[in-house]
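First up is the structure itself, then whatever we jot down about it.
Numbering (this note's numbering), first residue to last: 1 to 238.
Below, the structure written as structure tokens:
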């Protein structure tokens, strides 16, 4: 098992999975820097001695200000997320662009500085929170599935570039988590998890050190299988 880093910057820490990760990593003895758009929500998290660093990942000025104030960290967890169910027939341009902006472009704004710092000291831990929706295009997920697929490819690129260094890169792809965002779904969600259960999975995977993980099983196995099946077969699932 790999040891957790000493201090993590959690981006998207104000609610859901990010909030549970903050509480559980604090219980593990990790130092924390917590970011989200709402400073008020961050201050209400039950974590002692965490540094609160408000940041809007869709705003470069806000990102630059947060990076300038960022203390020394040993790891970063990108957990910021936006979701709206959306089909091609009901494509809402602004909602689609917002999902792309939060889910992947935000990481592109934040990570260059963080990665350069980690590379300079040849140490660091990068964790990107993806989704099972990243493994294959899905009906009603024009913005979300697209953005999470891009985030997973970003993780793959970082992993290959940094594999000869001591900077660890991981991407973890959860299924349905019971949050404000998934309450928008009108369908029954298979193996729906609480944020605490999902956080336990993420932290366990962080300790194991495997680059790519997906959960919960067996639901995750279905999504990984979709990447291997012929397109004509995949259509039968939907």
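Yeah, the Cβ is synthetic: ideal placement off N, Cα and C, and Gly gets one too.
In this text the structure is predicted, and so the values were computed from the model without any measurement.
Quick one: Cα of residue i to Cα of residue j, how far?
i	j	result
residue 40	residue 121	33 Å
residue 116	residue 204	27 Å
residue 185	residue 27	32 Å
residue 57	residue 232	38 Å
residue 108	residue 237	33 Å
residue 73	residue 153	24 Å
residue 230	residue 75	38 Å
residue 12	residue 123	23 Å
residue 135	residue 187	20 Å
residue 149	residue 213	14 Å
residue 54	residue 173	25 Å
residue 88	residue 100	15 Å
residue 34	residue 180	19 Å
residue 32	residue 194	22 Å
residue 219	residue 50	35 Å
residue 112	residue 178	31 Å
residue 8	residue 24	12 Å
residue 119	residue 235	43 Å
residue 44	residue 127	24 Å
residue 36	residue 161	28 Å
residue 222	residue 140	18 Å
residue 93	residue 102	14 Å
residue 209	residue 197	19 Å
To the nearest whole angstrom, what separates the beta carbons of residue i and residue j, a pair I think is in contact under 8 Å?
i	j	result
residue 171	residue 106	Residue 171 to residue 106, Cβ: 15 Å. No contact.
residue 199	residue 42	Contact doesn't hold; Cβ gap of about 17 Å is too wide.
residue 147	residue 104	5 Å
residue 175	residue 132	5 Å
residue 30	residue 4	6 Å
residue 77	residue 158	Incorrect: roughly 14 Å between the Cβ atoms, too far for contact.
residue 125	residue 163	Contact doesn't hold; Cβ gap of about 14 Å is too wide.
residue 207	residue 2	6 Å
Would residue i be called buried (16 or more neighbouring beta carbons within 10 Å of its own) or exposed?
i	result
residue 68	exposed
residue 215	buried
residue 138	buried
residue 85	buried
residue 81	buried
residue 190	exposed
residue 228	exposed
residue 217	exposed
residue 14	buried
residue 143	buried
Under DSSP, the alpha helix (DSSP H) around residue i begins and ends at which residues?
i	result
residue 221	219-226
residue 233	231-237
residue 95	93-100
residue 63	60-69
residue 39	39-43
For residue i, list the residues DSSP reports as bridge partners.
i	result
residue 172	129, 213
residue 25	Beta-bridge pairing links residue 25 to no other residue.
residue 32	8
residue 152	Bridge partners of residue 152: none, in fact.
residue 141	86
residue 193	177
residue 124	167
residue 51	33
What span of residues does the beta strand (DSSP E) with residue i cover, start to end?
i	result
residue 78	75-78
For the ligand MG, is there any heavy atom lying closer than 7 Å to the beta carbon of residue i?
i	result
residue 79	As for the ligand MG, it is missing from this structure, which has no ligand bound.
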